[in-house]
Amino acid sequence: MVRPLALSSLWSLLALACTPLADGDDPELDAPDDSADVTTPVFQTGPESSTCSGPRPTELVPVDPLVVPDQAQLKIADANGHWLGLPLQAIRYDTVVVGTLAETTVTQTFVNPRSERLEAIYSFPLPDDAAVDDYWIRVGSRSIHGLLKRREDAQRTYDEARQAGRTAALLTQERPNVFTQAVTNIGPGQTVEVEIHLVQPLRQRSGRYSLALPTVVGPRYAPAGAVADADRITPPVLATGVDSCVPVEIAVDIDTTLPVADVTSKLHAVTVTPHPQGVAVALARGPVRADRDFELSWRLAGAQPRAEIMAQKTDDGGGYFALTVQPPQGFDAGRSRPRELVFVVDVSGSMMGVPLDTARAAIERALAGMRSDDTFNLITFAGSALSFEPASVTNTADNRQRALDFLTRAGNTGGGTEMLTGVAAALDAPKDPERLRMVLFMTDGYIGNEQQIFESLAAKRRDARVFALGVGSSVNRFLVEGLARVGRGAATVVGPGEQPTAVVDEFYESIDRPVLTDISIDWGGLDVEDIAPVRLPDLFAGQPLVVHGRYKGALAGEVKVRGKLGGADVELRSSSPGRGSASTTVSPACGRASGSTTSASTRSTSAPASSPATRVKPSSPSPCATGS
């Protein structure tokens, strides 16, 4: 069952054609012409996959733990305490995508074929970045709703219900992407349907959105005695020669006011059917076997920047919102602001050897990947900072080679890590006001004065953008990610065995085309709070900007997104339709409930099956308040 997502909860921001605004000009909306990009016919895409249309297994079979499973299995304890394997009867994923979030209801159905009451324990996969915000089971005509509790309390409630002979269920997160579900006192012949509601962010890369729905838990290797809970995270397996077919049904609805294009399924054949609010994706040949994950990707077409706002009302008259500003497809890099690239490399003692070799390879690739109109400088720091040139130089072959020679000489110094000197050298240097300064730090982060560095960076940054590349086997991610957060940039890490050139290429891909810089939002008559991120990053081609927060009062008013395109001011406007919201994706997406301390526990109540389900929310009182 999919909860209906009212499209009235989406505000459509139709951007200006990024036309610079002269003083006193009144901006006018240009009607976007994206008709050529809209997917119109129904079509099929993706490889053929094994269907699952035969009879569903109903017999319990002994579990053979030595056989590699082809799908997750249900584990049953009978009255004598013997463990037997029972495949699920069916699994269904119903997903609605709105903006950059996916809302999925996972439905699992199984039957007790025995004449006695049984307890079922099942390991199954869920996306590791998902927030499980609702959970309920149906046994016959009864509905049992979930409550989020601490793990110990949930286990206690479950045990009490089991001892009293009541039907109960327990959902426990054992790993970020492996959940163990237990249901006790399943009556003879009873069908049990379990539904878990979750919200997850979409993955974004190179202008494409992607959704992954894992359907299989593979066996985990656990050295003897090394993992105390190995029996809980290893799914039981059917004995050799036993064939089973658990049908998996998947339906995805992409709801958006933007035209959807290039829908691709990596592992399954699917049909894509356009509708007025987006596209519907379904398995082309009906239910499939649970032997591979489901991976779907697409891009949003459009020649102009646009955005959408999702809103979720709460009982206090306000609610949560998520504003997504979508960059245009095929953006011309020539329209973006000229750049000054400043590379700052840590050459301290801890960087000697492989880390510095990695940084040197990254710098060589970075210099070769600059645009012809870029200017650049190179700074090294250890006990003190050294600059290749007093000010940035033009991008010529001679200057690039001289910079590499400078790095080779400076890389032999070693010494302590006085990173404050590197921050000052990069940000205090003379700057061309027409250029956007982008600073890339390369370091292992082995320092202890992170907060002092963050404060210095905030004081000196002005309009520069700061990026960080962590190198080494145990990078100080707090520093690396903090530099990017304070500097309104991005952070990445080159781990052992990774190719630094590939990481640099991805870095350039992410920053190569800034569509809008110096972004600000005028919320108009909308009363907002708990905005995240506090410091708005730039909008780059292929990377939407998402802003979460809470609003008070009516969902009304005009929102304006302002920024600079190629140094000229532009403004995007929106108006609220003033209608209510039924979206359930926004609040849980702002803060994932911690599976290490939280479980979902349910037990039967006297409420009739037709009574409305009680929504279970993450325990954070202000899930959108985190971030910066």
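Residue numbers (the working numbering): 4 to 631. Glycine included, C-beta positions come from ideal geometry on N, C-alpha and C.
- Contact annotation: Met445 and Ile534 have beta-carbon atoms that are not nearer than 9 Å.
- With fewer than 16 other beta carbons inside 10 angstroms of its own, Gln166 counts as exposed.
- Listed in chain order, the beta strand (DSSP E) elements of length 3 or more contained wholly in the stretch 349-426 are 378-384, 388-390.
- Going by beta carbons, Phe379 and Val396 fall inside the 9 Å limit.
- Spatial neighbours of Ala413 in its own chain (CB-CB distance under 6 Å, excluding positions within 5 residues in sequence) are listed in chain order as Val350, Thr383, Leu389.
- Relative to Pro358, the option among His278, Val474, Ala406, Arg438 whose CA is nearest is Val474.
- Rounded to whole angstroms, Ser523 and Arg565 show a C-alpha spacing of 5 Å.
- Here the alpha carbons of Gln207 and Val255 stand approximately 17 Å from one another.
- Pro517 has Phe543 as its beta-bridge partners, per DSSP.
- Using a 10 angstroms sphere on the CB of Asp525, the tally of other CB atoms stays under 16, which defines it as exposed.
- When C-beta atoms of the stretch 95-115 are compared with those of the stretch 187-200, three or more pairs fall below 8 Å, so the two segments count as touching.
- Following the DSSP letters along the chain, one finds Ala264 inside the beta strand (DSSP E) bounded by residues 263-268.
- Going by C-alpha positions, Pro341 is about 6 Å away from Leu439.
- Under the three-state reduction of DSSP output, Ile450 falls in the coil class, being neither helix nor strand.
- The three-state reading of DSSP puts Val249 in coil, since its state is none of H, G, I, E or B.
- Across the structure, Leu381 and Met422 are spaced so that their CA atoms are roughly 15 Å apart.
- In terms of Cβ geometry, Val263 and Pro277 form a close pair [threshold 9 Å].
- Remark: fewer than three beta-carbon pairs, one from each stretch, lie closer than 8 Å, so the stretch 527-544 and the stretch 498-506 are not flagged as touching.
- DSSP places Arg488 inside the alpha helix (DSSP H), whose first and last residues are 480-489.
- Taking the C-beta atoms as reference points, Tyr212 is found no nearer than 9 Å to Ser268.
- For the pair Lys563 and Arg576, the Cα-to-Cα distance works out to about 5 Å.
- Between Leu472 and Leu519, the C-beta spacing is not below 9 Å.
- For Gly490, the closest alpha carbon among the candidates Gln546, Thr259, Ala559, Met441 is that of Met441.
- According to DSSP, residue pairing for Ser146 in a beta bridge involves Arg141.
- Val537 counts as exposed, since fewer than 16 other C-beta atoms from the protein chains shown sit within 10 angstroms of its C-beta.
- Assignment of Ser476 by DSSP, reduced to helix, strand and coil, places it in the coil class.
- In chain order, Lys463 place their CB closer than 8 Å to the CB of Asp431, counting only its own chain and leaving out the 5 sequence neighbours on each side.
- If you look at Pro204, you'll find it in the beta strand (DSSP E) that goes 194-204.
- Ala406 and Phe346 have their C-alpha atoms spaced approximately 10 Å apart.
- Thr218 sits close to Arg295, with the two beta carbons spaced by under 9 Å.
- With contacts defined as CB atoms closer than 9 Å, His551 and Leu326 qualify as a contacting pair.
- The beta-carbon distance between Leu460 and Leu486, rounded to whole angstroms, is 7 Å. This is short enough to meet the 8 Å contact definition.
- Here Glu311 is buried: its Cβ has 16 or more other Cβ atoms, across all protein chains shown, within 10 Å.
- DSSP, read as helix, strand or coil, puts Glu561 in strand.
- About 47 Å separates the beta carbon of Gly190 from that of Tyr554, a gap too long to meet the 8 Å contact definition.
- Closest option to Phe543, judged by alpha-carbon separation, among Leu558, Phe510, Ala559, Ala394: Phe510.
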